Amino acid sequence: MDCLLQEMGTLPQLSIIKGPTRALQANVLHKLFENVANGESAQKPAVIFAGNESSRHHTYEEIDKITNKIARTIQETVQKNNLPRNQDGDYIVAVNMHPSDSLVIVLLSIWKSGCAYLPLDHAFPGPRIEHIIRESRPVMVIYDEDSPFYLDTFKLSAGEIFKHSENQPNTSLNGSPILQHEKDDLAIVLYTSGSTGVPKGVRLPHKVILNRLQWQFKRFPYSLTEKMCVFKTALTFVDSVSEIWGPLLNGLCILVVPKALTKDPEKLVNLIDEYQIERLVLVPSLLRSILAYLQLQNNAQALKSLKTWVCSGETLAVSLAEEFFRYFKENGAKLCNFYGSTEIMGDVTYHVIEAVRQLQHLHKVPIGLPLDNTMIYLLDKDFRPVKAGEVGELFVSGMNLAAGYVNGRDPEKFVENPLAIDPVFSKLFRTGDFAKIEKGTLVYEGRTDSQVKIRGHRVDLSEVEKAVNSLEGVDKAVVLCYKPGELSQALLAFVTTKELLSEHQIEILLRDKLTNYMIPQVILTEHIPLLVNGKVDRQGLLKMYENTNNNDDSMPEVEISYEGVPAHQRPAAKDLFETVAAILGRSVRDAISVNANFYEVGGNSLNSIFTICRLTEKGYHISIGDFISAIDFGEVLQRMTEDTKIMKQPPSFAAELLKPDYKTPVLDMVTTSFYNKADLEQEIISELSVSDYDELMEALWQPLLDKNLSFVARNEAGKLCGVALNFDARDEPEVEIKSKLNIIFEFLESVEGPIRDQQLPAGKGTILHSFMMATHSSLTPKENVAVFQFMEEEVQRLAKSRGFAGIFTTNTSPLTQQLGTDVYKYQNMLTYQVNQYVASDGTKPFGLAPDDKRVIVQWKPLN
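Numbering of the sequence shown is given in my numbering, commencing with residue 259 and proceeding in unit increments.
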């Protein structure tokens, strides 16, 4: 029985909880697999992978034999090339492969050779891969896509290692041929992001993994009807361990699921129903998406096979749990809340909810009780257990603890246990979390690193964050402390909004929710940046603040110049300039004057709207279109004061139809505009290169010349400043794009095609497709606005002169979307959330884009 330890006599109950003690049948995991493969399950299916065109099935016997062959190749390669252990004395093989049956085979082969596997991910930035390789020093990398960031590490492609293994014996390695680590029975190294932003490798031995799995087998046993499980979690996450090896040590089959499918609720639900999956591990945000999809479909029979739902990785809200049971109220499904981290083998406590009545009167879903052979301590700063009901820092001890970090980093996280009697509990892992015990079960209370002192008062950042997120107009908020404890310390709230709220307005609203010292400095941002693993990029946000703050302790003095402002416009100029200064705040990058451009001094499409609203409150009337299309503040000022005519002459440009001689400068403008800045390209930038644009323009150049609908823009000095590439939408060339740019064009066709073919005029010569506009990289933001204005007007003139019924275009940036809608009066035919797009190969190439990134398909009739 799980028990709460308590002091004898009348002493108060202390916050120490011990899980059941169970004997661990120590063994390495691949030996347990071999036991299954050589028993009754030999001819049962072990792994199924459904690719784009075909599926592959392997029995336990087949996998056992092929992994024996590959294990021999790995072992011989290491010995033949004298590849050394790393600094920890470990033989590690790094693996960078897409999810497939081949991946599972390679992982098992690595274990059979005596090595541990270290997962990489194709989505990792190159420098992250380089850091991991440099620190962990694997003996080799097995990959399906090569990378210069593997450094000088010995490497083999997956295809090569399978080919080299064809003639190897298919019997298992035994005894001396097997490679041996110096100390721990290391199985896996998983790199976490680390609170400092520098990834660190967690060393997970076989016995630690086995303790976690044996608890699962006993507490959540596979049912008699359970034949298939899914492997859908990224290999770099600890949840993948139980997804792969839990079923394979029990004679069940695993279905390998492509990464993108997990982000598409419809496909995931269909797959679960097709294979009658009975258990699923997922983060609460994915659970919320699935429930939303189910309610939309109104299909009462969907997911009836799925009985065990395990939430981990994020806080499970009571409201989400209640929503779950509203849908599955008669299904017999149970919802489990697991708590843990990579350093403690993913999960160390669990709480099971089987009916909605268990949620009554709860303000938080508990994280529950400890696993087998595990103890939880809630300690104060002096490492003394706090009283039951009090909040303490959560420490973990027992058989679920990792064997430290690669190269012995951060030893203060794994400390000696001063309370231990049994050697099994001699080490403590400091989780960095707070918790308390309520009614005999653990309740999560936030992070230790979210506790900071502001003006001598202790402030919980999660509490402030909750208050900001509760405001009606706020979409998402992340609260951080900049340089805690230092003179330049600042409490910051990075906020995206769903309504028109300024930074100052949000701070005023917070006065009703927080004491004065807890009110953060609000920083509006267009999106919250995320790391590869989907978590908030906190270091990136702080860096953004640092760059605009320049380490000053106080609000910088914004330089305002009234030079060149006519006397009768001075009052309006004072209101305009001071409003801009107040709204941009620390983001101001240059002096505010009649010749400055709003975007050049630090504005963006979001705070332009706030500026207009503030000016309206002061009695000025200027449209969004007039404001964002103004070349400088002088033009804004003239449009604000209705009795003043615009006297300044705008820059003069001339248009020339495309000529063969323009190929080089046009290619340069297209490349710098799209490779370096375009919204869609930035989501897959690691897969693109400058040469991809050479290939694109080589394919398009002659058709562009032949169609005679594209032009360049020259300024008064004769310099090429911009280019507009256009086609007849019913007469576009068929070109083959072999680079990853094909992802962009496939996506654009998926959103444009249905509109073009079903809602717009038929026939050639009716729709001018404004395909691409680019400007020279040397232009200032002010000049950019002027060139785009000219080219847009020229596209309209060209379309009218050639007899087109209208102009068709797709915009991906917030600024051009706003210009198209508010200035040039395009009709919005479709607004599409970029991260929802599923490509033809089943992946979501823009899956990591923020929810607010959208494309807008637009049409402007010319009648």
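Glycine included, each C-beta is placed from N, C-alpha and C at the ideal position.
Since the structure is predicted, the reported quantities are computational estimates derived from the model, not experimental observations.
Non-local beta-carbon contacts of H621 in its own chain, meaning distances under 8 Å to residues more than five positions away in sequence, involve V576 in chain order. It is roughly 10 Å from the alpha-carbon of S543 to the alpha-carbon of G571.
Remark: C-beta atoms of V816 and V780 do not approach each other more closely than 8 Å. The continuous alpha helix (DSSP H) containing A329 extends over residues Y318 to K338. Secondary structure at N556: coil, using DSSP grouped into helix, strand and coil.
DSSP, read as helix, strand or coil, puts E696 in strand. Where V722 is concerned, there is no enclosing beta strand (DSSP E), although the alpha helix (DSSP H) around it starts and stops at L719 to N727. Annotation: the region 606 to 671 contains the following complete segments of the beta strand (DSSP E) (minimum length 3 residues), in chain order: 607 to 611, 632 to 637 and 650 to 656. The closest CA to that of K645, considering only P676, L627, I611 and A693, is found on A693.
Note on geometry: alpha-carbon atoms of T573 and C511 lie some 30 Å from one another. 8 Å or more divides the Cβ of P396 from the Cβ of V362. Taking every protein chain shown into account, the CB of V701 has 16 or more other CB atoms within 10 angstroms, so this residue is buried.
C487 places its beta carbon less than 8 Å from that of P505. Sequence-distant partners of R386 (beyond 5 residues in either direction) whose C-beta falls short of 7 Å from its own C-beta, in its chain, are P457. For I1025 against N1069, the beta-carbon gap comes to about 16 Å, at or over 8 Å, which does not count as contact. Looking only at V1092, P383, S1098 and A751, the smallest Cα-Cα distance to L782 is reached by A751.
A558 counts as exposed, since fewer than 16 other beta carbons sit within 10 angstroms of its beta carbon.
For R828, the enclosing alpha helix (DSSP H) has its first and last residue at R828 to L842. Counting along the chain, the unbroken beta strand (DSSP E) around P463 starts and ends at K458 to P463. Selection R897, M898 and Y1095 evaluated against E1004 yields Y1095 as nearest (Cα-Cα). Judged by DSSP in its simplified three-state form, S415 adopts strand. Following the DSSP letters along the chain, one finds N293 in no beta strand (DSSP E) but inside the alpha helix (DSSP H) bounded by residues L287 to A295. For I786, there is no enclosing beta strand (DSSP E), as DSSP marks it with neither H nor E. Secondary structure within the region 1008 to 1065: the alpha helix (DSSP H) runs of 4 or more consecutive residues, fully enclosed, are 1039 to 1059 (chain order).
Between T869 and I889 a beta carbon distance of about 16 Å is seen, past the 8 Å cut, so the two are scored as non-contacting. In this structure, the beta-carbon distance from R796 to L738 falls below 8 Å. Every alpha helix (DSSP H) stretch that sits fully inside the region 463 to 489 and reaches 4 residues is listed by chain position as 464 to 477. In the assembly as shown, E418 is an exposed residue. Its beta-carbon has fewer than 16 other beta-carbons within 10 Å. Counting other Cβ atoms within 10 Å of its Cβ, F932 reaches 16 or more and is therefore classed as buried. Just so you know, the alpha carbons of A281 and V682 end up roughly 12 Å apart. By the C-beta density criterion, G372 is buried, having at least 16 other C-beta atoms within 10 angstroms.
Nearest to A1107 by alpha-carbon distance, out of L938, I764, I391 and V294, is L938. Using a 10 angstroms sphere on the CB of N296, the tally of other CB atoms stays under 16, which defines it as exposed. Between T689 and V654, the C-beta spacing is below 8 Å. Your pair I274 and Y635 checks out as a contact, with CB atoms roughly 5 Å apart and the cut at 8 Å.
Counting of Cβ neighbours within 10 angstroms places P676 among the exposed residues, the total staying below 16.
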